[in-house]
Amino acid sequence: MTVFINQTRRLTGAATWLLAPVCLALCIAFVLLAGPALAQAAATARPPPMVDKRIILLIDSSRSMTDEHYSWQLNGFADAFLSDESIEAIAEGKNSSIAMALVQFSSRVSVSLDWTIVDPSNIEAFAAKLRTIPRFRPDSTSIGLGLSKAGQMIEKTKIQAVQTIIIVSGDGPNNVGFPPYPISEEISSWLKTTIVGIALESAEEYELETYYRKFVARGPGNFVVWARSEEDLKNALVRVLTLNSN
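The numbering used here numbers the first residue of the sequence shown as 367 and each following residue consecutively.
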């Protein structure tokens with residue numbers, strides 16, 4: 367009996383050593399196959415990013431916009447991010463960050479810069495990137511189409527924010543496609559968004575300030591300003607960045 371037991375133990379031990387590589391291979395295969403799925407599940411479980419403000423710069427690139435005024439928009443907005451007021455406002459926010467996007471509009475739209483989270487650590491790099499955005503194909507002016515695209519971006523993003531703002535910068539009224547109203551009203555009401563208007567100096571003949579007030583600007587804290595220089599565009603964005611989100 368003792369001999370039989372010892373023999374059985376030897377056979378069992380041998381089988382264990384033979385099966386060990388097989389078990390190891392199966393474990394490795396499981397990790398390789400299940401790893402991506404587990405990682406994806408973990409990523410899905412993460413809460414969406416939270417920022418203090420989501421801001422879309424909706425800028426005019428239609429044929430009436432001169433290259434100089436197009437550059438005003440980019441440089442003015444870039445300068446705003448480098449101002450002490452803006453950096454301080456972002457740093458002192460509850461989340462110390464904002465989400466930015468830039469959309470150009472003419473008779474079509476182009477998302478030139480998709481949602482980007484900006485905080486004091488990358489604000490200079492973001493400002494530099496703004497200055498280099500190439501101009502979209504110039505054509506007619508469809509503010510309504512631009513607002514519609516901005517609304518879609520706000521609705522689809524997973525980034526959460528205390529406050530959402532669209533800045534419409536341009537030199538003329540809508541002259542193609544659907545008008546900015548009632549889209550502006552719907553975006554403001556349904557998406558809890560403030561819409562601000564910046565009328566460039568070449569738009570004085572269109573009474574664009576009045577047009578923006580009537581059909582574009584909406585929501586809490588909205589305003590419309592004239593921009594006769596890069597400095598005016600800078601000041602308008604600084605005003606937005608320092609808007610009270612309460």
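Ideal placement from N, C-alpha and C gives every residue a C-beta, glycine not left out.
Bounds of any beta strand (DSSP E) do not take in Ala583, whose DSSP letter is neither H nor E. 8 angstroms or more divides the Cβ of Phe443 from the Cβ of Leu609. DSSP places Gly563 inside the beta strand (DSSP E), whose first and last residues are Thr559 to Leu566. Taking a C-beta distance under 8 angstroms as the contact criterion, Gln470 and Phe502 qualify as a contact pair. When the five nearest sequence neighbours on each side are left out, the beta carbons in the same chain lying within less than 7 angstroms of the beta carbon of Asn441 are those of Arg497 and Glu596, in order along the chain. Between the alpha carbons of Ser473 and Leu511 lies a gap of roughly 8 angstroms. Residue state for Thr576 is assigned as helix, using DSSP reduced to three classes.
In the DSSP annotation of this structure, the continuous segment of the alpha helix (DSSP H) that includes Arg497 starts and ends at Ile489 to Arg497. Here DSSP, grouped into helix, strand and coil, assigns Lys524 to coil.
Partner residues in the beta bridge of Gln470, as assigned by DSSP, are Ile425 and Ser476.
DSSP places Val604 in the helix class (H, G or I) of the three-state scheme. Distance from the CA of Ile464 to the CA of Ala491, rounded to the nearest whole angstrom, comes to 14 angstroms. About 6 angstroms separates the CB atoms of Asp537 and Asp426; that is less than 8 angstroms, so the two are in contact.
With a beta-carbon spacing of about 7 angstroms, Ile520 and Arg420 fall inside the 8 angstroms limit used to define contacts. Counted as a single uninterrupted DSSP element, the alpha helix (DSSP H) harbouring Asn441 occupies residues Asp433 to Leu448.
Judged by beta-carbon spacing, Ala493 lies beyond the 8 angstroms limit of Phe544, meaning their Cβ atoms are not closer than that value. The alpha carbon of Tyr436 has as its nearest neighbour, out of Ser535, Leu479, Glu551 and Thr523, the alpha carbon of Ser535.
Judged by their CB atoms, Ile456 and Asp480 are not nearer to each other than the 8 angstroms cut-off. Bridge partners of Met416 according to DSSP: Gln526. In this structure, Ile549 sits near Leu513, with a CB-CB distance shorter than 8 angstroms.
For the options Phe581, Pro539 and Leu557, the alpha carbon positioned closest to that of Thr507 is the one of Pro539.
Judged by DSSP secondary structure, Glu552 falls within the alpha helix (DSSP H) whose first and last residues are Ile549 to Trp556. Here the alpha carbons of Pro414 and Thr559 stand approximately 19 angstroms from one another.
Around the beta carbon of Met416, fewer than 16 other beta carbons lie within 10 angstroms, which makes this residue exposed.
DSSP places Val591 in the uninterrupted beta strand (DSSP E) bounded by Val590 to Ala593.
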